[in-house]
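Note that full-length UniProt numbering has the sequence shown beginning at 1, numbered continuously upward. Taking it in order: structure first as structure tokens, then the write-up.
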Amino acid sequence: KNDFYKNSFESFKIQEAVEHIWASIKSLDQEIQHKEPFKLVKTNKEEGVEVIKSMVAKLFSIAEMLEPVLPETSEKIKFLIKENKSPNIPLFPRKD
Numbered sequence: 001k002n003d004f005y006k007n008s009f010e011s012f013k014i015q016e017a018v019e020h021i022w023a024s025i026k027s028l029d030q031e032i033q034h035k036e037p038f039k040l041v042k043t044n045k046e047e048g049v050e051v052i053k054s055m056v057a058k059l060f061s062i063a064e065m066l067e068p069v070l071p072e073t074s075e076k077i078k079f080l081i082k083e084n085k086s087p088n089i090p091l092f093p094r095k096d
């Protein structure tokens, strides 16, 4: 886990910790949009697989940070990663 996140929680700065989680989610989403890993894996399988592995590790870290504030969502994400599955419905629906 990130030190900033950990320190925020230990100092009872919950809002600060949650903002860090959402910043991490936004950053990963932007990385996915920019790198388009599922297109990349079709043109350069080796690089695509490495990019996806890195992104999955980041997603798992986000799931761990979510555990104190959204335990059910955290567990769903970890389960889906471990089972190598996609969710039936989005875990984080987009705002319109």
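All residues carry an ideal CB built from backbone N, CA and C; glycine is no exception. Every value quoted in this text rests on a predicted model; they were computed, and no experiment measured them.
- In the three-state reduction of the DSSP assignment, residue 64 falls in the helix class, which pools H, G and I.
- With the rule of 3 Cβ pairs closer than 8 Å, the region 58-70 counts as touching the region 19-37.
- Residue 51 sits buried, since 16 or more C-beta atoms from the chains shown fall within 10 Å of its C-beta.
- Excluding five sequence positions before and after residue 74, the CB atoms of its chain that fall closer than 6 Å to its own CB belong to 63, 66, 67, given in chain order.
- Within the model, the alpha-carbon separation for residue 4 versus residue 31 is close to 21 Å.
- Of the residues assessed, residue 8 falls on the buried side of the cut-off, its CB having 16 or more other CB atoms within 10 angstroms.
- Residues of the same chain with a CB within less than 7 Å of the CB of residue 41, apart from the 5 flanking positions on each side, are 48, 49, 52 in chain order.
- DSSP, read as helix, strand or coil, puts residue 13 in coil.
- Apart from sequence neighbours up to five positions away, no residue of its chain approaches residue 13 with a beta-carbon distance below 7 Å.
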